[in-house]
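**Q** In the numbering used here, the protein residues as written are 686 to 1090. For every residue, glycine included, the Cβ atom is placed at its ideal position computed from N, Cα and C.
1) Candidates 996, 1053, 1020 and 949: which alpha carbon is nearest residue 1010's?
2) Bridge partners of residue 742, per DSSP?
3) Verify whether the separation of the beta carbon atoms of residue 792 and residue 1073 is less than 8 Å.
4) Where does the unbroken beta strand (DSSP E) through residue 965 begin, and where does it stop?
5) Would the stretch 788-807 count as touching the stretch 747-760 if we require 3 or more Cβ pairs under 8 Å?
6) In whole angstroms, what separates the C-alpha of residue 1033 from that of residue 856?
7) With a threshold of 7 Å on Cβ separation, who are the neighbours of residue 945 within its own chain once the five nearest residues in sequence on each side are excluded?
8) Which class does residue 735 belong to by DSSP, given the choice of helix, strand or coil?
9) Among 735, 933 and 763, which has the Cα closest to the Cα of residue 694?
10) Buried or exposed: residue 875, going by 16 or more other Cβ atoms within 10 Å of its Cβ?
11) Less than 8 Å separating the beta-carbons of residue 1050 and residue 1040?
12) Cα separation between residue 1059 and residue 753?
13) Measure how close the beta-carbons of residue 1013 and residue 1036 come, nearest whole angstrom, since I'm counting them as under 8 Å.
14) Could you check which residue in 760, 885 and 908 has the C-alpha nearest to that of residue 726?
15) Have a look at 1038, 806 and 1015 and flag the residue whose alpha-carbon is nearest the alpha-carbon of residue 912.
16) Could you tell me the alpha carbon to alpha carbon distance between residue 771 and residue 717, rounded to whole angstroms?
17) Considering Cα atoms alone, identify which of 802, 866, 915 and 837 is closest to residue 825.
18) Can you tell me whether residue 696 is buried or exposed, with buried defined as 16 or more other CB within 10 angstroms of its CB?
19) On the three-state DSSP scale, how would you describe residue 836?
20) DSSP has residue 866 in a bridge; who is on the other side?
21) Identify which residue in 917, 889 and 877 has its Cα closest to the Cα of residue 994.
22) Relative to the C-alpha of residue 975, which residue among 998, 801, 724 and 921 is closest?
23) Nearest to residue 1028 by alpha carbon, out of 742, 830, 971 and 942?
24) My output table needs one value for residue 1070: the three-state DSSP class, helix, strand or coil.
25) Nearest by alpha-carbon distance to residue 723: which of 736, 714, 732 and 774 is it?
26) Helix, strand or coil for residue 923 per DSSP?
27) Over the uninterrupted beta strand (DSSP E) stretch that includes residue 988, give me the two end residues.
28) Give every residue of the same chain whose Cβ lies closer than 6 Å to the Cβ of residue 828, excluding the five residues on either side of it in the sequence, and list them in chain order.
29) Comparing alpha-carbon positions, which option in 785, 818, 709 and 893 lies nearest residue 778?
30) Identify which residue in 773, 712 and 930 has its Cα closest to the Cα of residue 1021.
31) So the candidates are 1008, 940 and 891; which of them puts its Cα closest to the Cα of residue 906?
32) Counting Cβ pairs, one atom from each stretch, are 3 or more of them under 8 Å apart for the stretch 986-993 and the stretch 699-708?
33) In angstroms with no decimal places, state the Cα-to-Cα distance between residue 781 and residue 901.
34) In this structure, how does DSSP classify residue 1022 when only helix, strand and coil are distinguished?
35) Kindly indicate which three-state DSSP category residue 903 falls into: helix, strand or coil?
36) For residue 931, I'd like the list of residues in its chain whose CB is within less than 6 Å of its CB, leaving aside the five on either flank, ordered along the chain.
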């Protein structure tokens, strides 16, 4: 039997009731009514939202975005712009993940443009950087210039296009992005991605918003205590997590996350030798606890966690650590609620159970936006293409990189 995905649960009253009983909403008004101020006010104070509901969506930082991501973006913006009688105004925050591998999604380091039946790819980073985290990947300034020129060339030569605006209008819109798209000096991919993202959001969606970068939160120690709380109950955490995964599977529901191994830690380390993102594993030697990983070069990385009370001091001093997929669980007290995609909503069925049973925390509410209605077949498949051509967005299209890998 095929496990039920989120769409299957949303398609039935019983499924929607099950999601709602786990704090997952599809009705923005019901979600809004369930919000309260964050337990931990540090981020709220930083963005001028002290005492107010602070709602986030988290997403890997890209240079362009598909409609599926923009559904979350627009849902979050609507929450902030829509007032509900008797309730505090919602403050919206984008939490951009810059600690994933650059190759985990090609939109993190490539522009795409549809031209003559193929999706043309333009990579803006140097070769052999795919295993590196976005925050450590250097841009190639010449490649950003080349990408801009190639897109301009595609526009000029696409004589069969039936866009909603003229060729001159399209080139003008592309030109308005040039200062953010083309860099003159070496820069890091995560800062470039954020700058270009904000430019696109502003130009096409009219969205400014509050933007946080995950590596900044890590450097400020905002997730350290949450991770140390997990380390303090690690055996119970793993047991409860795996039990919930098994329970979901027994009910025919996709968990979207797998079982945790006995040496699990919710941590990664970016190898200083080659930049590869390495999962850290838990080792105990004579009562001492360590976070360990072996790089592709064969070098062992070991960080002392403690003997009784486990702490991250040695790892945080490296400046090269990051959390795993449990990020929303770890950030639970910093926000009032979050807007989730289809996969992350299924993760939450596991995370919320562990938060309640093991960590004694009340999970914050989650909103799953209604899927956007697809527009005409001539619509654009990305935010950049939609803005430049003046077209409506449609669902994601397959990427054909045969011509320009």
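**A** A quick look at the data gives this:
1) Here residue 1010 is taken as the residue at index 325 of the chain shown, counted from 1. Of 996, 1053, 1020 and 949, the smallest CA-CA separation from residue 1010 is found for 949.
2) Looking up residue 742 in the chain shown gives position 57. Checking the DSSP bridge columns, you'll see residue 742 partnered with 779.
3) As a working note, residue 792 is residue 107 in the chain shown. As a working note, residue 1073 is residue 388 in the chain shown. No.
4) Against the chain shown, residue 965 aligns to sequence position 280. From DSSP, the beta strand (DSSP E) with residue 965 extends over 962-970.
5) A contact exists between the stretch 788-807 and the stretch 747-760.
6) As a first step, residue 1033 must be located in the chain shown, where it is residue number 348. As a first step, residue 856 must be located in the chain shown, where it is residue number 171. For residue 1033 and residue 856, the distance between alpha carbons rounds to 43 Å.
7) Taking the first residue of the chain shown as 1, we reach residue 945 at position 260. Taking C-beta separations shorter than 7 Å and ignoring five residues to either side along the sequence, the partners of residue 945 in its chain run 923, 926 and 927, following chain order.
8) Locating residue 735 in the chain shown gives position 50, where the first residue counts as 1. If DSSP states are grouped into helix, strand and coil, residue 735 belongs with coil.
9) Stepping through the chain shown from its first residue, residue 694 is reached at position 9. Taking residue 694 as reference, the option from 735, 933 and 763 with the minimal CA-CA separation is 933.
10) Here residue 875 is taken as the residue at index 190 of the chain shown, counted from 1. The residue is buried, with at least 16 neighbouring Cβ atoms inside 10 Å.
11) Looking up residue 1050 in the chain shown gives position 365. Looking up residue 1040 in the chain shown gives position 355. Pairing residue 1050 with residue 1040 gives a Cβ-Cβ distance that is not under 8 Å.
12) Reading the chain shown from its first residue, position 374 is the one you call residue 1059. Reading the chain shown from its first residue, position 68 is the one you call residue 753. Residue placement at residue 1059 is flagged as unreliable, the pLDDT there being 33, under the threshold of 50; the coordinate-derived value follows with that caveat. Rounded to the nearest angstrom, the gap between the Cα atoms of residue 1059 and residue 753 is 11 Å.
13) The residue you call residue 1013 lines up with position 328 of the chain shown. The residue you call residue 1036 lines up with position 351 of the chain shown. About 6 Å separates the CB atoms of residue 1013 and residue 1036; that is less than 8 Å, so the two are in contact.
14) Here residue 726 refers to the residue found at position 41 when the chain shown is read from its first residue. With respect to the C-alpha of residue 726, the residue from 760, 885 and 908 having the closest C-alpha is 908.
15) Numbered from its first residue, the chain shown carries residue 912 at position 227. When each option's Cα is compared against that of residue 912, the closest is 1015.
16) Mapped onto the chain shown, residue 771 falls at position 86. Mapped onto the chain shown, residue 717 falls at position 32. Distance between the alpha carbons of residue 771 and residue 717: 11 Å.
17) Here residue 825 is taken as the residue at index 140 of the chain shown, counted from 1. In this structure, 866 is the residue among 802, 866, 915 and 837 with its C-alpha nearest to the C-alpha of residue 825.
18) As a working mapping, residue 696 is identified with position 11 in the chain shown. Exposed is the call here.
19) By one-based count along the chain shown, residue 836 stands at place 151. Here residue 836 carries a helix assignment [DSSP, helix/strand/coil].
20) The sequence position of residue 866 within the chain shown is 181, counting from 1. Paired residues: none, contrary to the question.
21) If you number the chain shown from 1, residue 994 lands on position 309. Here the closest residue by C-alpha is 917.
22) Indexing the chain shown from 1 puts residue 975 at position 290. Ranking the options by Cα distance to residue 975, first place goes to 998.
23) Taking the first residue of the chain shown as position 1, residue 1028 is located at position 343. The shortest Cα separation from residue 1028 among 742, 830, 971 and 942 belongs to 942.
24) The residue given as residue 1070 occupies position 385 in the chain shown. Taken through DSSP and simplified to helix, strand or coil, residue 1070 comes out as helix.
25) For the purposes of this step, residue 723 is identified with residue 38 of the chain shown, where counting begins at 1. Considering only alpha carbons, the answer is 736.
26) Numbered from 1 along the chain shown, position 238 holds the residue referred to as residue 923. Correct three-state label for residue 923: helix.
27) Stepping through the chain shown from its first residue, residue 988 is reached at position 303. Unbroken beta strand (DSSP E) run through residue 988: 985-991.
28) For this step, residue 828 is matched to residue 143 along the chain shown. Spatial neighbours of residue 828 in its own chain (CB-CB distance under 6 Å, excluding positions within 5 residues in sequence) are listed in chain order as 809.
29) Sequence index remark: in the chain shown, residue 778 carries index 93 (1-based). It is 893 whose Cα lies nearest to the Cα of residue 778.
30) One-based indexing of the chain shown puts residue 1021 at position 336. It is 773.
31) For the purposes of this step, residue 906 is taken as the residue at position 221 of the chain shown. Measuring from the Cα of residue 906, the nearest candidate turns out to be 1008.
32) Taking a contact to require three or more Cβ pairs closer than 8 Å, the stretch 986-993 and the stretch 699-708 do not qualify as touching.
33) Residue 781 sits at position 96 when you count from the first residue of the chain shown. Residue 901 sits at position 216 when you count from the first residue of the chain shown. Those two C-alpha atoms are separated by around 10 Å.
34) What you label residue 1022 is simply residue 337 of the chain shown in a count that begins at 1. In the structure shown, residue 1022 sits in a strand (DSSP, three-state: E or B).
35) Numbered from 1 along the chain shown, position 218 holds the residue referred to as residue 903. For residue 903, the secondary structure class from DSSP, reduced to helix, strand or coil, is helix.
36) Within the chain shown, residue 931 is the residue found at index 246, counting from 1. Within the same chain, residue 931 has no close Cβ partners at all.
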